[in-house]
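Chemist: Before we start, here is the structure in question, set down as structure tokens.
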Amino acid sequence: MPPIHAIKRFLQAGEHSAPSALRIRTLSRRYSGRLALENVDLDVQDHESFGLVGENGAGKTTLIKCALDLCLPSAGTIDIYGRSAGNPEARRALAYHPERFVPPHYLLGREFLETTAAVCGDPYQPRTVEHLLGELDLDPGSLSRPVRQYSKGMMQKIGLVACFMLDRQMYVLDEPMSGLDPGSRVAVKSILKRLNDSGRTIFFTSHVLADVEEICSGIAIVHRGRIRFRGSPEELRNVHGEANLERAFLKCIRSEEQSSQFPDDEKPRP
Ligand SMILES: Nc1ncnc2c1ncn2[C@@H]1O[C@H](COP(=O)(O)OP(=O)(O)OP(=O)(O)O)[C@@H](O)[C@H]1O
Ligand SMILES: [Mg+2]
Numbered sequence: 068m069p070p071i072h073a074i075k076r077f078l079q080a081g082e083h084s085a086p087s088a089l090r091i092r093t094l095s096r097r098y099s100g101r102l103a104l105e106n107v108d109l110d111v112q113d114h115e116s117f118g119l120v121g122e123n124g125a126g127k128t129t130l131i132k133c134a135l136d137l138c139l140p141s142a143g144t145i146d147i148y149g150r151s152a153g154n155p156e157a158r159r160a161l162a163y164h165p166e167r168f169v170p171p172h173y174l175l176g177r178e179f180l181e182t183t184a185a186v187c188g189d190p191y192q193p194r195t196v197e198h199l200l201g202e203l204d205l206d207p208g209s210l211s212r213p214v215r216q217y218s219k220g221m222m223q224k225i226g227l228v229a230c231f232m233l234d235r236q237m238y239v240l241d242e243p244m245s246g247l248d249p250g251s252r253v254a255v256k257s258i259l260k261r262l263n264d265s266g267r268t269i270f271f272t273s274h275v276l277a278d279v280e281e282i283c284s285g286i287a288i289v290h291r292g293r294i295r296f297r298g299s300p301e302e303l304r305n306v307h308g309e310a311n312l313e314r315a316f317l318k319c320i321r322s323e324e325q326s327s328q329f330p331d332d333e334k335p336r337p
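Heads up: the sequence shown runs through residues 68 to 337, numbered per my numbering.
In structure tokens form, the structure reads like this:
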């Protein structure tokens with residue numbers, strides 16, 4: 068039998084050989100001189116179901132936009148599965164649903180989905196779409212209507228269908244449950260769980276910590292542009308001696324506010 072230190076070395080070598088789904092180092096982003104993100108280090112592992120939480124204006128969307136090359140970092144690096152996020156090939160591993168999703172108003176629902184598949188280089192799969200429409204309770208007849216006639220929730224749903232119909236290793240969703248009715252929220256959560264069970268990485272943001280706790284094995288709290296906590300929901304509760312995740316979250320950001328290292332004029336503000 069090989070000695071224990073040899074086994075450990077083998078396992079550690081394995082850890083290093085598998086790149087993180089997302090690896091962020093010393094990421095900063097300024098808007099007109101104001102810091103929105105400061106010195107962020109964050110790893111999301113492959114197969115992880117990860118939730119990024121924080122108050123309004125904390126920097127969640129900015130972090131996602133930097134990772135998707137939709138906004139340029141002021142400093143730092145981001146790798147997706149070991150390749151720079153600036154490389155379009157690296158981003159092929161991702162499907163993304165943005166925070167404020169509005170499809171092009173002049174398209175029919177079906178045209179929007181077909182165009183998305185074509186632009187993303189995937190074949191259009193009517194059966195997958197039909198299945199997702201059923202899960203999200205979006206009438207298949209709505210695909211023959213222009214998206215400008217959709218309600219807010221319907222627009223969110225067709226955006227989610229467009230994201231979930233793509234076969235990708237990681238799904239990045241910025242507040243995917245926002246604006247959805249209770250049945251559809253449950254449906255989105257079960258789709259996210261199913262994707263994660265099939266080995267996909269989930270990265271999403273939400274203000275509903277009960278949803279985060281239900282879906283995520285790992286979370287991070289971003290507050291005023293800095294990562295204040297990274298671990299499991301259970302660890303966050305334990306660290307702050309709270310049975311309730313929302314209370315633990317509030318304790319985390321409030322304790323950090325009291326001991327903040329920011330000089331006042333450096334604090335990112337909403
Ligand atoms: N295009 C922009 N120009 C200037 N400032 C911006 C821009 N986008 C974001 N900011 C600022 O960056 C900070 C972080 O914003 P961001 O949208 O990342 O927050 P968030 O955590 O996603 O908030 P929310 O929960 O409200 O979506 C805020 O202070 C915001 O005002
Ligand atoms: Mg946001």
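No residue lacks a Cβ here, since even glycine has one placed at the ideal position from N, Cα and C.
Hey, could you find the ends of the alpha helix (DSSP H) R194 is sitting in?
Modeler: It spans P193 to E202 - the alpha helix (DSSP H) in which R194 sits, taken as one unbroken run.
Chemist: Per DSSP, what kind of secondary structure is E178 in: helix, strand or coil?
Modeler: Of the three classes helix, strand and coil, the one that applies to E178 here is helix, per DSSP.
Chemist: Are the stretch 283-297 and the stretch 120-127 in contact at 8 Å, needing three or more beta carbon pairs?
Modeler: At 8 Å Cβ cutoff, the stretches touch.
Chemist: May I have the straight-line CA-CA distance separating N106 from L130, to the nearest angstrom?
Modeler: Near 11 Å, if we compare the C-alpha coordinates of L130 and N106.
Chemist: DSSP puts A162 in a beta bridge; with which residues?
Modeler: DSSP output for A162 lists Y238 as bridge partner(s).
Chemist: Note down the Cα distance separating D136 from G246, rounded to an integer number of angstroms.
Modeler: Cα to Cα, the separation comes out at about 26 Å.
Chemist: Tell me which residues share the same chain as D331 and place their Cβ nearer than 7 Å to its Cβ, disregarding the 5 neighbours each side in the sequence.
Modeler: Only weak support exists for where D331 lies, its pLDDT of 45 falling under 50; the value from the coordinates is given anyway. Contacts found: none.
Chemist: Give me the Cβ distance between L233 and D189, rounded to the nearest whole Å; I'm assuming they're in contact under 8 Å.
Modeler: Between D189 and L233 the Cβ distance is about 6 Å, and since that is below 8 Å, they are a contact.
Chemist: Just the Cα atoms here: how many angstroms apart are M221 and L205?
Modeler: Approximately 7 Å between the Cα atoms of the pair.
Chemist: Could you tell me whether the stretch 210-221 touches the stretch 135-152, using the rule of 3 or more Cβ pairs below 8 Å?
Modeler: In short, these stretches do not touch, since the Cβ pair count stays below three.
Chemist: Short check: CB of T93 to CB of G143, under 9 Å?
Modeler: Yes, the pair counts as a contact, with Cβ atoms nearer than the cut-off.
Chemist: With DSSP as the reference, label N123 as helix, strand or coil.
Modeler: Here N123 sits in coil by DSSP.
Chemist: Excluding the 5 residues flanking R267 on each side, which residues of the same chain have their C-beta closer than 8 Å to its C-beta?
Modeler: Excluding residues within five positions, the ones whose Cβ falls inside 8 Å are H114, R235, Q236, M237 and Y238.
Chemist: Return the CA-CA distance between E197 and L174, expressed in angstroms with no decimal places.
Modeler: Their Cα atoms are separated by approximately 18 Å.
Chemist: Cβ of L199 versus every heavy atom of ligand 1: is any distance shorter than 8 Å?
Modeler: False, no ligand heavy atom lies under 8 Å from that Cβ.
Chemist: Count the other CB atoms within 10 Å of the CB of S350; is the residue buried (16 or more) or exposed (fewer)?
Modeler: This structure cannot speak to residue 350, because the chain is shown only from 68 to 337.
Chemist: Thinking C-alpha only, which one of R293, C319 and I294 is nearest N305?
Modeler: Checking every option, the nearest Cα to that of N305 belongs to C319.
Chemist: Mapping DSSP to helix, strand and coil, what is S95?
Modeler: S95: strand per DSSP, three-state reduction.
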